[in-house]
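Student: For our numbering, add 24 to where a residue sits in the sequence shown, where the first one is 1.
Have a look at this one.
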Amino acid sequence: MATPNICFRVLLFSEQGLDKKHGREVAAWFQRFPGPINVEVIEKPVKLERTLGTILWDETFSKLRDLRAEIAAESEAFVYLLTQSPNEQNWYAVEDEDNYRNGFGHVGDFSWVTSAPSHAISVHYIQKTIFNALLRDRNFPVEEIWHDSPRGCMFDFCAHKEDLAIKFRSADICSDCMSVFQEIPIPDELIHQTVSIMEAVRKLSVNTAPYLSSEHVFDRWPFPVALTRHKVVQSTNSLLRLLLLLDHYDSLVRYFYLAKETVAERRPELADHPSMGWWLDQLAASLKGERNFREVVRIAQEGKVVHLRNERRGHGWISPETESYRRDAEHLEGVITEIEAELAPFLEGYCLVIPREITLVSNQYRVEGENLLGSISCIRP
Ligand SMILES: [Zn+2]
């Protein structure tokens, strides 16, 4: 089906009190598996009133309508709210009957249901909201496609919360639903993106996950930082590990600074032979006044990484004793792990691409290229 420019824009809000990282993690899934669904995180928290510990559907839908008006969202856009509060009927997620492009989903502790991370559950329900909207656009009664008895299909209704585990472990779309999708029609690009995400979530949902060939987290990162992280994993000698960790730290800070400036459409000014401290100072200046990622600079400064490098490998006496570097290597690894956790949405959310072809299709640029992802991606001639 030729639908090259199809796009589903989702404006994602979070209830006040819900960890802001959750929304960013949700958005990162759609960047890691690019396709027509595009999620933009709105940082301003949304205050909801609770009645007997839950939020009421009608009041929440009313809030969603206000939010849509407040940000002047176009009618085709989806306005979605992640709630930390359970809702009155204890559903995972629901859309407003009066404007089914408004919906909300509960971010609870569902670790008793599935080992999939909670952001993956939110991702699933955002996908469902879009499918439901396309069905309703064609006056297809969505209730008819729901499966009350779980059969391992995306459209299992999951009246019992634990049924979600069956759906996630199956990560499939049944033939009945596929027939409906063809009839509507649901664009192939949307199904492709949805299936790619479902398959990735499946691997996090199965009991045998620990026995699957392990995928490193850096396989989802851009090449410069994936490569330096991969090298650390392979080192056992404490001195070598410390040196490789310093390289990785340097790479993380440089990549983040340069990529962030690029995303902000700024051209970074580079000094001659910039030092490790210079890069961190530039990053601190770049993040000044911003809400996100400020923690990265704080963690790096408090971890005294530049000082550590200068003391142990930069200036003064250098110990020839390999094992004397063990404690410093462990400290540095702890600091870097914290920085990586903070940076995860950025590292997984943006691709480093070598453009190969740029074409103009229906007044929009379509860019194709090589995605430099993971530590073993290679630059093809
Ligand atoms: Zn089905």
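Beta carbons are placed, not taken as given, at the ideal position from N, Cα and C, and that holds for glycine.
Given the structure is predicted, the values throughout are model-derived calculations rather than measurements.
Three or more C-beta pairs closer than 8 Å, one from the region 304-315 and one from the region 340-348: is that the case here?
Tutor: No, the region 304-315 is not in contact with the region 340-348.
Student: Mind checking whether the beta-carbon of residue 179 lies closer than 7 Å to any heavy atom of ligand 1?
Tutor: Here the question's residue 179 lines up with position 155 in the sequence shown. Yes; taking the cut-off as 7 Å, the Cβ of residue 179 has a heavy atom of ligand 1 nearer than that.
Student: Between which two residues does the beta strand (DSSP E) containing residue 205 stretch?
Tutor: Counting from 1 along the sequence shown, the entry for residue 205 is found at position 181. Premise fails: residue 205 lies in the alpha helix (DSSP H), 199-207, not in any beta strand (DSSP E).
Student: Spatial neighbours of residue 170 within its chain, please: C-beta separation below 7 Å, excluding the five flanking residues on both sides.
Tutor: To locate residue 170, count along the sequence shown from 1; it is residue 146. Result list for residue 170: 179, 181, in chain order.
Student: Alpha carbons only, please: which of 218, 299, 210, 194 is nearest the one belonging to residue 338?
Tutor: The residue labelled residue 338 in the question sits at position 314 within the sequence shown. Comparing Cα positions, the closest option is 299.
Student: Would residue 20 pass as a contact of residue 108 if the rule is Cβ separation under 8 Å?
Tutor: No information on residue 20 is available, as it lies outside the stretch 25 to 405 that the chain covers here.
Student: Threshold first: 4 residues or longer. Then list the alpha helix (DSSP H) segments lying entirely within the region 130-181, N to C.
Tutor: As far as the region 130-181 is concerned, its whole alpha helix (DSSP H) runs of at least 4 residues are 142-161.
Student: Using the three-state DSSP reduction, which class does residue 38 fall into: helix, strand or coil?
Tutor: Reading the sequence shown from its first residue, position 14 is the one you call residue 38. If DSSP states are grouped into helix, strand and coil, residue 38 belongs with the strands.
Student: Using 10 angstroms around the beta-carbon of residue 400, count the other beta-carbons present and answer buried if the total reaches 16, otherwise exposed.
Tutor: Along the sequence shown, read from residue 1 onward, the residue named residue 400 stands at position 376. The residue is exposed, with fewer than 16 neighbouring Cβ atoms inside 10 Å.
Student: Around the C-beta of residue 191, are 16 or more other C-beta atoms found within 10 angstroms, so that it is buried, or is it exposed?
Tutor: One-based indexing of the sequence shown puts residue 191 at position 167. It is buried - the Cβ of residue 191 has at least 16 other Cβ atoms within 10 Å.
Student: Going by beta carbon distance, what residues of the same chain come within less than 6 Å of residue 402, once the five residues before and after it are set aside?
Tutor: If you number the sequence shown from 1, residue 402 lands on position 378. Because residue 402 carries a pLDDT of 48, less than 50, the predicted location of this residue cannot be relied on, and the following value inherits that uncertainty. Same-chain partners within the cutoff: there are none.
Student: Spatial neighbours of residue 25 within its chain, please: C-beta separation below 7 Å, excluding the five flanking residues on both sides.
Tutor: Looking up residue 25 in the sequence shown gives position 1. Low local confidence applies: a pLDDT of 40 at residue 25 is under 50, so the model's placement there is unreliable, and no value is given.
Student: Look at residue 283 and residue 349 and say whether their C-beta atoms are less than 8 Å apart.
Tutor: As a working mapping, residue 283 is identified with position 259 in the sequence shown. As a working mapping, residue 349 is identified with position 325 in the sequence shown. No; because the gap between Cβ atoms is not below 8 Å, this pair is not in contact.
Student: Using a threshold of 7 Å, is the CB atom of residue 198 nearer than that to any non-hydrogen atom of ligand 1?
Tutor: Reading the sequence shown from its first residue, position 174 is the one you call residue 198. Yes, the Cβ of residue 198 comes within 7 Å of a heavy atom of ligand 1.
Student: Would the region 104-122 and the region 78-86 be scored as touching if the rule is three or more Cβ pairs under 8 Å?
Tutor: Touching, yes.
Student: Work out the CA separation of residue 152 and residue 43 for me, nearest whole Å.
Tutor: Numbered from 1 along the sequence shown, position 19 holds the residue referred to as residue 43. Numbered from 1 along the sequence shown, position 128 holds the residue referred to as residue 152. So the two alpha carbons sit approximately 23 Å from each other.
Student: Tell me where the alpha helix (DSSP H) around residue 353 begins and ends.
Tutor: Counted from its first residue, the sequence shown places residue 353 at position 329. Counting along the chain, the alpha helix (DSSP H) containing residue 353 begins and ends at 350-373.
Student: If distances are taken between C-alpha atoms only, which option among 236, 275, 365 comes closest to residue 253?
Tutor: One-based indexing of the sequence shown puts residue 253 at position 229. Among 236, 275, 365, the Cα nearest to that of residue 253 is on 275.
Student: Measuring only the C-alpha atoms, how far is residue 98 from residue 243?
Tutor: The residue given as residue 98 occupies position 74 in the sequence shown. The residue given as residue 243 occupies position 219 in the sequence shown. Their Cα atoms are separated by approximately 36 Å.
Student: May I have the straight-line CA-CA distance separating residue 131 from residue 297, to the nearest angstrom?
Tutor: Looking up residue 131 in the sequence shown gives position 107. Looking up residue 297 in the sequence shown gives position 273. About 47 Å.
Student: In the DSSP assignment, the beta strand (DSSP E) including residue 381 goes from what residue to what residue?
Tutor: Position 357 of the sequence shown, counted from the start, is the residue given in the question as residue 381. Per DSSP, residue 381 belongs to the beta strand (DSSP E) from 377-385.
Student: Assuming residue 247 is part of the alpha helix (DSSP H), what are its boundary residues?
Tutor: Numbered from 1 along the sequence shown, position 223 holds the residue referred to as residue 247. Its alpha helix (DSSP H) spans residues 247-257.
Student: Closer than 8 Å by C-beta to residue 369: which residues in its own chain qualify, once you throw out the five before and the five after it? Chain order, please.
Tutor: Here residue 369 refers to the residue found at position 345 when the sequence shown is read from its first residue. Excluding residues within five positions, the ones whose Cβ falls inside 8 Å are 45, 48, 49, 51, 52.
Student: What are the complete alpha helix (DSSP H) segments, minimum 4 residues, inside the region 285-326?
Tutor: Whole alpha helix (DSSP H) segments, 4+ residues: 300-311, 318-326.
Student: Should the region 357-369 be called in touch with the region 198-208, which here means at least 3 C-beta pairs below 8 Å?
Tutor: With a cut-off of 8 Å, the region 198-208 and the region 357-369 do not count as touching, because too few Cβ pairs lie within range.
Student: Distance check for residue 219 and residue 102, CA to CA, integer angstroms please.
Tutor: Within the sequence shown, numbered from 1, the residue matching residue 102 stands at position 78. Within the sequence shown, numbered from 1, the residue matching residue 219 stands at position 195. Cα to Cα, the separation comes out at about 20 Å.
Student: Between residue 126 and residue 85, which are expected to be in contact by the criterion C-beta below 8 Å, what is the C-beta distance as a whole number of angstroms?
Tutor: Counting from one through the sequence shown, the residue named residue 126 turns up at place 102. Counting from one through the sequence shown, the residue named residue 85 turns up at place 61. Confirmed, about 6 Å.
Student: Can you name the residues that DSSP bridges to residue 117?
Tutor: Working through the sequence shown from its first residue, we reach residue 117 at position 93. Answer is 129, bridged to residue 117.
Student: What's the C-alpha gap between residue 118 and residue 329?
Tutor: Here residue 118 refers to the residue found at position 94 of the sequence shown. Here residue 329 refers to the residue found at position 305 of the sequence shown. Each residue's alpha carbon lies about 47 Å from the other.
Student: Quick one: residues in its chain with C-beta nearer than 7 Å to the C-beta of residue 251, no 5 flanking neighbours on either side, listed in chain order?
Tutor: Your numbering for residue 251 matches position 227 in the sequence shown. If we look at residue 251 and ignore the five residues flanking it on each side, its Cβ neighbours are 399.
Student: Does the region 135-147 come close enough to the region 224-233 that 3 or more CB-CB pairs lie under 8 Å?
Tutor: Touching, yes, given that three or more Cβ pairs across the two stretches are closer than 8 Å.
Student: Applying the 10 Å Cβ sphere with the 16-neighbour rule, what's the burial state of residue 331?
Tutor: By 1-based counting over the sequence shown, the position of residue 331 is 307. Looking at its Cβ environment, which holds fewer than 16 other Cβ atoms inside 10 Å, residue 331 is exposed.
Student: With 16 other CB atoms within 10 Å as the buried threshold, where does residue 358 fall?
Tutor: The residue labelled residue 358 in the question sits at position 334 within the sequence shown. Exposed: under 16 other Cβ atoms inside 10 Å.
Student: Alpha carbons only, please: which of 269, 38, 271 is nearest the one belonging to residue 146?
Tutor: Walking along the sequence shown from the start, residue 146 turns up at place 122. When each option's Cα is compared against that of residue 146, the closest is 38.
Student: Compare the C-alpha of residue 291 against each of 277, 306, 302, 323 and name the closest.
Tutor: The sequence position of residue 291 within the sequence shown is 267, counting from 1. Here the closest residue by C-alpha is 306.
Student: Along the chain, where does the alpha helix (DSSP H) containing residue 217 start, and where does it finish?
Tutor: Taking the sequence shown and counting its residues from 1, the one referred to as residue 217 is at position 193. First-last of the alpha helix (DSSP H) with residue 217: 212-229.
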